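Numbering (my numbering), first residue to last: 2 to 167.
Every residue gets a Cβ at the ideal spot worked out from N, C-alpha and C, and that includes glycine.
Every value quoted in this text rests on a predicted model; they were computed, and no experiment measured them.
For reference, the structure discussed in these notes is given below.
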């Protein structure tokens, strides 16, 4: 499992022995109602976020390739070397019973309804077989003992992509 976080979390991991969400640091405040629904579902499954937003991650190892870069760029939209330098990729080994997995596609559909309206905001928490590649992972917090390593976030490598596809 892996996650992309601001470099400042490395200090939190050292001083607090964990990374935990914080509503005050939510990058887009209008997401809070959807995040609160994620927190509620996690609580129903026995995962207590202690009143904080979850930590988002992605299943599978940090492959150190363009797959990680594409996902990170889509979520964070860094535009310059300075913006990439703000982030780190954390490689994780978290037991499955401490993680809630859900469909990222269904989550985006739910977020759209929450943010734009157009119907009842009801999240479908199932994961279809066809969605296995599009699964997200949410953790109530990230204890430092589950962090295998950290590296700088690197931009998509177009030359590497062309070499692999030729």
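Could you tell me the alpha carbon to alpha carbon distance between residue 54 and residue 138, rounded to whole angstroms?
13 Å
Between which residues of its own chain and residue 145 is the CB-CB distance below 7 Å, once the five residues before and five after are set aside?
14, 18 and 19
In whole angstroms, give me the CA-to-CA distance for residue 22 and residue 165.
37 Å
Extract the residue ranges of the alpha helix (DSSP H) inside the stretch 15 to 64, only unbroken runs of 4 or more that lie entirely within it.
33 to 45
Classify residue 80: buried if its beta carbon has 16 or more other beta carbons within 10 angstroms, exposed otherwise.
exposed
Determine, using beta-carbon pairs with one atom in the stretch 113 to 127 and one in the stretch 35 to 48, whether at least three such pairs fall under 8 Å.
yes
Answer with yes or no whether the minimum CB distance from residue 32 to chain B is below 8 Å.
Here chain B cannot be found, since the structure has a single protein chain.
Identify whether residue 150 lies in helix, strand or coil by the three-state DSSP scheme.
Per DSSP, reduced to three states, the secondary structure at residue 150 is strand.
Using the beta-carbon count (16 or more within 10 Å), is residue 63 buried or exposed?
buried
I'd like the ranges of any beta strand (DSSP E) spanning at least 3 consecutive residues and lying wholly in the stretch 87 to 138.
Fully enclosed beta strand (DSSP E) runs of 3 or longer: 88 to 93 and 101 to 104.
Between residue 11 and the ligand NAD, is there a pair consisting of the residue's CB and a ligand heavy atom that are separated by less than 7 Å?
Absence of the ligand NAD from the depicted structure is noted, as is the absence of any ligand whatsoever, leaving it without description.
From what residue to what residue does the alpha helix (DSSP H) around residue 66 run?
First-last for residue 66: undefined, no H or E at that position.
Let's see if you can read the secondary structure: which residues bound the alpha helix (DSSP H) around residue 83?
82 to 85
Rounded to whole angstroms, what is the Cα-Cα separation between residue 148 and residue 33?
26 Å
For residue 5, report the span of its beta strand (DSSP E) as first-last.
It spans 3 to 7 - the beta strand (DSSP E) in which residue 5 sits, taken as one unbroken run.
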